[in-house]
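> Numbering of the sequence shown is given in the working numbering, commencing with residue 18 and proceeding in unit increments.
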Amino acid sequence: MTVELPRTLVFSPRANDTSQVLTVAAYRRGMLTEHLTGWRVPEGFTIGGPAHLYAGPLFADAVAADLGVGLLEPPDDWLTRLPYDTVRRNIRMMTMAEAWQLRTPAFLKPPNDKSFPARIYRDGSQLPGPDAVDSDTPVLASDPVQFTTEFRLYALDGEITTGAQYAIDGDLDIEPLAGHELEPQILAFGADVLSECADTLPSAVVVDVGLIVDPAHGAVAPAVIEANAAWASGHYAADPERVLDAVLRAAGPMDEISTRDRIFLRSPVRRIDDEP
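#1: Please report the residue range of the beta strand (DSSP E) in which ALA123 lies.
#2: Can you say whether ASN107 is buried or exposed, counting buried as having 16 or more other CB atoms within 10 angstroms of its CB?
#3: Mind the definition here: the segment 142-153 touches the segment 206-222 only if three or more C-beta pairs lie below 8 Å; say whether that holds.
#4: Short of 6 Å in beta carbon distance, which residues of its chain neighbour ALA240, apart from the five on each side in sequence? Order them along the chain.
#5: Return the chain-ordered list of same chain residues with a C-beta closer than 7 Å to the C-beta of TRP56, the five sequence neighbours on each side being excluded.
#6: So for VAL80, helix, strand or coil by DSSP?
#7: In whole angstroms, give me the CA-to-CA distance for PRO201 and ALA72.
#8: Quick check on the DSSP output: the beta strand (DSSP E) that includes SER159 runs from which residue to which?
#9: Identify which residue in ARG283, LEU282, GLU167, ASP256 has its Cα closest to the Cα of THR35.
#10: Specify whether the segment 191-198 and the segment 128-141 touch according to this definition: at least 3 beta carbon pairs, one from each stretch, less than 8 Å apart.
#11: For ASP130 and TYR44, what's the separation of their Cα atoms in angstroms?
#12: Please classify TYR183: does DSSP put it in a helix, a strand, or coil?
#13: Per DSSP, which residues does LEU282 bridge with? Please list them.
#14: Cutting at 8 Å between CB atoms, please list the residues of its own chain near THR165, excluding the five before and the five after it.
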């Protein structure tokens, strides 16, 4: 008789609000949890059953392969593929070398990691230099805009499963999406976006949306902010059970990843200060 070992959700050494609520949700499902104590999987480390991972991108790159975990994330250029009416600003992909040459204000961010802070830069000279970031690092550059309210939506198989408000006028302001006065509008907009582009995203993903002051008309309208990997996103006030569903799918055993999702597997990012 074969005994099926419980799955284990692995965390980085640094605990946060999301890892704490995911720990509780995992226990309710009979899963085990493990906080690693360093940036390497210890020699001889065993967890028994299949592993899943919740961690930041740098830590995930360091341990995922040793855990046998595949990481699903949105394509770097996903935002640039969306129609203007969905994002309501001009967005383009460039390299860090090209971003260093910018001489006008732009909102700049790394697509899927934290290699430099995401914010509005006066020009490219304010970015970290070549001693900190590789010149070929991908950068998303967009027009500076004002989001009045921002929401995080968790999606599984093209359907929104939970969400939360996380900011108002750029300041952290957390509320559940369930029961929010803007819930119908945000859910309807998110559903429209996913109906058009779910095939361009992993089956488990986070999509941030918000209300934006449209520069063309001066009116407030919904727009996509960005898409993120579920395994590295804060849950804010979203339903922990549904968040866990997304995390388990987005960062689970490599041999369980569907053919459909394999094009969204993250390749570990090598930093200029990594060992050769």
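Positions of the beta carbon are idealized from the N, C-alpha and C atoms, including for glycine. These numbers come from a predicted model, not from an experiment.
Looking at the coordinates:
#1: ALA123 -> beta strand (DSSP E) spans 123-126.
#2: Looking at its Cβ environment, which holds fewer than 16 other Cβ atoms inside 10 Å, ASN107 is exposed.
#3: The segment 142-153 makes no contact with the segment 206-222: fewer than 3 CB pairs, one atom from each, lie closer than 8 Å.
#4: Within the same chain, ALA240 has close Cβ partners VAL104, ARG105, ILE229.
#5: Result list for TRP56: PHE76, ALA79, in chain order.
#6: Looking at VAL80 - three-state DSSP - the assignment turns out to be helix.
#7: Between PRO201 and ALA72, the alpha-carbon positions lie close to 31 Å from each other.
#8: First-last of the beta strand (DSSP E) with SER159: 155-159.
#9: Comparing C-alpha distances from THR35 to each of ARG283, LEU282, GLU167, ASP256 shows the shortest one belongs to ASP256.
#10: Taking 8 Å as the limit for Cβ pairs, the verdict is that the segment 128-141 does not touch the segment 191-198.
#11: Near 29 Å, if we compare the C-alpha coordinates of TYR44 and ASP130.
#12: Three-state DSSP puts TYR183 in a strand.
#13: LEU89, per the DSSP bridge assignment.
#14: Cβ neighbours of THR165 beyond the five flanking positions: ILE185, ASP186, GLY227, LEU228, ILE229, VAL230, VAL237.
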